[in-house]
Amino acid sequence: MSGAATPALVGNITVQASAGSGKTYLLVSRLLRLLLEGAEPDAILAITFTRKAAAEMQQRLLQRLQQLALCDDATLDHQLQALQLEPSPALRQQARQLYQRLLQTPYSVRATTFHAFCQELLRRFPLEADVPPGFELLERTAALLDEAREALMVNAAREPQSPQAIALRQLFDELGLSNTLGALRQFVGHRSDWWVYTAGQSDPIDWACRQLRDQLDIDPDTDPIADFFADAGRCQRLARFIELLSNHPNPTNNKTIQQLQDALDEQADISARYVAVLQTFLTQDGNPRKRDANQTLRKKLGDAGAEELIALHHQLCDELLRVQQQLAAQRNYRVNSAWYRAGVALLDHYQRIKREQRLLDFTDLEWKAYQLLNDGDNALWVQYKLDQRIAHLLVDEFQDTNPTQWQLLLPLLEELAQESERQRSVFLVGDTKQSIYRFRRAEPRLFDTATEWLERRLGAQRYPLNTSWRSAPAIMDFVNQLFGDDPRLHQQIPDFPEHHTRHQSLWGEVILLPPAKEQEDEAETEASADTPLRNPLLMPRPEPTHTRHRQEAQTIAEEIRHLIDTRLPVQASPDAPARAIDYDDILLLVRSRTHLPEYEQALREAGIPYLSGNRGTLLESIEVQDMLNLLNWLSMPFDNLALAGILRSPLFAVDDRDLMQLAGEAPGNWFERLALQVADQPPEAPLRRAHDHLARWRTLAGRIPVHDLLDRIYSEANVLARYRAAFPTHLVPRVMANLVRFQELALEMDSGRYPSLMTFAQWLRELRQNDDDAPDEPADAGRQARVRIMTIHGAKGLEAPVVFVIDSARAEPRGKAHEALVEWPANAPRPAHFLLRPGKGWQDPLSEAVIERAESAARREEANLLYVALTRARQRLYISGSLPKRDETTSWYQQIAGAFDLQPDQIETVRTLVTRNEPPPTPAPTPAAEAEVVPEPDPRLRRPLPLGAGDAALAPSQQGAENGGGVEDEDGRTRGIVIHRCLEWLCQDPALPRETALQRLAGEAGAAQLAEWWDEALAAFSAPQLAEVFQPATEVQCRNELPLLYRQGERTVNGIIDRLLIEPGRIHLIDYKTHRAALDNPAAVAAGYEDQMRLYAEGIRQLWPHHELRISLLFTVAAQLWPMQV
């Protein structure tokens, strides 16, 4: 079938959709067709792999439905025909009503991710899945993994003879500390593979060890070295080798003869004897030494003797290689056995910590959902319940599916394959050429497995989709030549189909930039010659001023500047008007982030605005560092270094002269000196302003939540405006977005309500230390056009008129020792091998074979990665690289140059590899379009709004606190927050363990206080007289922490009601009070809260005007319900 064939939109279909071929449009068309055929929206499940893709699918569906609702009849008929439907009056009416129907239905089409589907499934069947009801999702795992590792080490130190401690010591001895920790992280990272691999085994570790022993075909208790010397025939061969070699005496042969004679001495140490033989016949790399029957040897030994010597050499080499393989296999068995045991111990700690905190991570979601649908007594019942809800299944990006997800989908597909009176279907879309997520366990072969399964069981049809709606013909010609005609890349993607494009007349070209080359840095050479010894305290280490990556980056920056200055014309399609290129039309793609700083620096020096995809850099940015210094100082006011950073930052812009005065010899810490120094200064002076702000913020630091504190700081210090003025224009959007993102972080820890400043600061420090969890710089919403720098993985699904594939001359990444080797055949229910990759010198036949297959898959993925990168380009594609000193024939740059008969080291000028069609004329400048004129706001909008007392917001809880009759306890605020929180948790989970609750509360107060407050909350929750509040009848609806917002005249009233019980015709409003004074005089305490309850009552009566309202205070200290008449 040609690339232009259109897949059917009915029946069971699998589509192999190449890059840019319109698969999202096809998926939405399939959804529209199902809806127009009468499918219920909530019977359709569309699964993809990212939230962004799921949201885009929903958005495009609504857009297409809106078009059907609003277009004229002719356009509507054309749209219906595109959906392979014959227009009719009834169908037109149905199509026009579909948009309104979908908006009004309470259960719409579900477009979701795999993890969200699993999460929904587990929340619906928590008991059947054996997960905590109301579990929370853990997205950042590094901190808990560190905690689990610490627990493992503590247990090993406490019980040094335990199997886990012995396994750890074995790993430390064999691998070293760093490699051991890395190997254990790998084990936890592949925990779902381990769970499936050992599923159903009573002793998973013992079973896995036995499996490994059988696969290695070894006896761990034998001694291959002893067996080597115990073979009399082999010793005779060694003696004969010595005898023959003695006929050719020379220093080298004499040394060899002595080594072998020592090796045959049975009184010597057997290990030393073996090493002597090994060094004689094998090189240090483990390869046979070269020994030929040359003329000299033949002259000394004769032809027969020379041939015999060489034959003995080869035979003994082969025997030694077999012994080395046996030793490697035994060593790998010992290492893997210890890895299994220590890994399981670490995993047990990790799972325990999550269980105690009622947390599931993404791997748990997949595994628990897999178990729910495949194992246990409830699997068939759950499958039946899902079968009633899912009639049509669509899966996008199927090449990114991992084996666990495929095994999870199989029961759903089995149900869909059963005979049914309902119309049911499956629609899979994927592209094995775009599978680039092996590090997430993606297995592209599963797409072929699923396709064959659907063809066999459901009679599914297979369609290719190879016509691009994105790229110009030049890009497609280049891709076809590179992957279809050139054997180097074609062997990695042997099933590569010829690509076509819808935009045959769109101009485009592919350009190969000359490679940057390594050059000796003159400044570094001079420094090393003139200064052989450097005092590191006085002289910084000279940094190279000219590296190949910096040279490449400067070339790219110059080319981008040239594109902008010459106003390169770009078009969305051949029929679209041409416009001048802008910065956001340019996309720079890198394979890894290693050298991103050098590319960013070159863009900054050229004055080119950019948005970088550097990972985990938010907390390292200068502006966020200033905020961290401020928080650190507020929690530790004696930190003079943090205070110096705050004062020097744009927050206060204090100059060096003032800082030098503070650093003088005056007594006290810097803030105390600052207070003395500014006593006589005017309020507008920088130091006086800094002192006043810092003093005020110190008083707030322990009293209000972190987010509220930051909000006050941002407002009072005019933070955003000050940083906007301090940075260059092209960096301002990034700085503004970073500052806003930092404020948002305060809401991500426990919703911003409860963490103390110290707890929040510690959390941020942990994030900085864990690269995997460190937050990225945000994609800010500034209006300035900027060049985008992204990894190829991050750019998947995106496109740009101009794309630079940079740093393409780097070598192919190779597998690392001590990483997990999990081989799971696509059609198998469990992995075939679960190994720790050994170093090169310790590879046995089994690991060699598994490694070779893994590296073959990695080479294919490298080709896929290049394909994804190239197909992001719409019109112009640049290939750039920097040649290493060592020639890398497998680098992308080398392969691309070779496909066009070019030698990389001989390319000195820009080469145009492919060009098609003529570019349109450069559009004339249009100032109005080039620079948007922002109108000056009306001056009246800059005036502060006068707010009278009647316009202010009113919080009932504050009314109660202010009128509380002077009965507030000294620790009242913290005590109240903790007890409220405990009661909320108990309402969600009455069986919540005491230890879990106290662990969650750790850091809020002392351990004794927290235990006392928990016990008070539990006593109130369990009190028989309060059963109507905490154990109401089943027909009563319970609401906890219910937000309330309404208008009272000119005032806005807002607050949170602790607990609301709703039943037909009646409502009971309960507000928790934790005052200890309620034991002696509850009436006095209650009197102070009449105004608060009156405001709550008014809001509730507006919501439920026909319900009888009952209002009570619940005094936790006495477990007493106090009625309120308001």
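Heads up: the sequence shown is residues 6 to 1131, going by the working numbering.
For every residue, glycine included, the Cβ atom is placed at its ideal position computed from N, Cα and C.
Remember, predicted model here, so these are calculated numbers, not experimental data.
- With fewer than 16 other beta carbons inside 10 angstroms of its own, Gly43 counts as exposed.
- Annotated three-state conformation of Asp1085 is coil, per DSSP.
- Residue pairing of Glu141 in beta bridges, as defined by DSSP: Leu364.
- Inclusion of Ile884 and Tyr604 in the CB contact set at 8 Å is not warranted, their separation being larger than that value.
- Scanning its chain for C-beta atoms nearer than 6 Å, with the 5 sequence neighbours on each side dropped, one finds around Phe192 the residues Gly348, in chain order.
- In terms of CA proximity to Asp228, Val328 leads the group Val328, Pro209, Leu841, Asn1045.
- In the displayed model, Phe809 falls within a strand according to three-state DSSP.
- Within the model, the alpha-carbon separation for Leu41 versus Gln428 is close to 13 Å.
- The Cβ atoms of Leu463 and Asn17 sit closer than 8 Å to each other.
- In the three-state scheme derived from DSSP, where H, G and I count as helix and E and B as strand, Val387 is classed as helix.
- Going by beta carbons, Asp644 and Asn637 fall inside the 8 Å limit.
- Short of 6 Å from the beta carbon of Asp1076, and not among the five residues preceding or following it, lie these beta carbons of its own chain, in chain order: Asp1063, Leu1118.
- Exclusion of the five residues before and after Gln71 leaves Tyr104 as the residues of its chain whose Cβ lies within less than 6 Å of its Cβ.
- In this chain, the alpha helix (DSSP H) harbouring Gly799 covers 797-800.
- The Cβ atoms of Cys214 and Leu370 lie no closer than 8 Å to each other.
- In terms of Cβ geometry, Ile586 and Val807 form a close pair [threshold 8 Å].
- Per DSSP, the beta bridge partners of Val20 are Val434, Tyr468.
- Inter-residue distance for Ala237 and Arg296 is about 24 Å (C-alpha atoms, whole angstroms).
- In the structure shown, Phe1120 adopts extended strand secondary structure according to DSSP, grouped into three states.
- Ala1089 and Ala1022 have their C-alpha atoms spaced approximately 22 Å apart.
- Cα atoms of Tyr588 and Ile797: separation of roughly 19 Å, rounded to the nearest angstrom.
- Under DSSP, Gln1053 shares a beta bridge with Arg1056.
- The alpha-carbon separation between Leu715 and Ile651 amounts to approximately 14 Å.
- For Gln263, the enclosing alpha helix (DSSP H) covers residues 256-268.
- In the structure shown, Ala396 falls within a coil segment according to DSSP collapsed to helix, strand and coil.
- Under the three-state reduction of DSSP, Asn645 is assigned to helix.
- In summary, Ala273 is exposed, with fewer than 16 beta-carbon neighbours lying within 10 Å of its beta-carbon over all protein chains present.
- Between the C-alpha atoms of Met62 and Asp436 there is a straight-line separation of about 18 Å.
- Rounded to whole angstroms, Phe839 and Leu826 show a C-alpha spacing of 6 Å.
- The secondary-structure analysis by DSSP pairs Thr117 across a beta bridge with Ile52.
- DSSP links Met1129 through a beta bridge to Ile1116.
- Under DSSP, Cys1043 forms a beta bridge with Leu1066.
- Taking the C-beta atoms as reference points, Trp344 is found no nearer than 8 Å to Trp200.
- Checking the DSSP bridge columns, you'll see Ala695 has no partner listed.
- Apart from the 5 residues on each side of it in sequence, Leu66 sits with its Cβ closer than 6 Å to the Cβ of Val33, Leu36 in its chain, given in chain order.
- Between Asn379 and Gln335, the gap from beta carbon to beta carbon reaches 8 Å or more.
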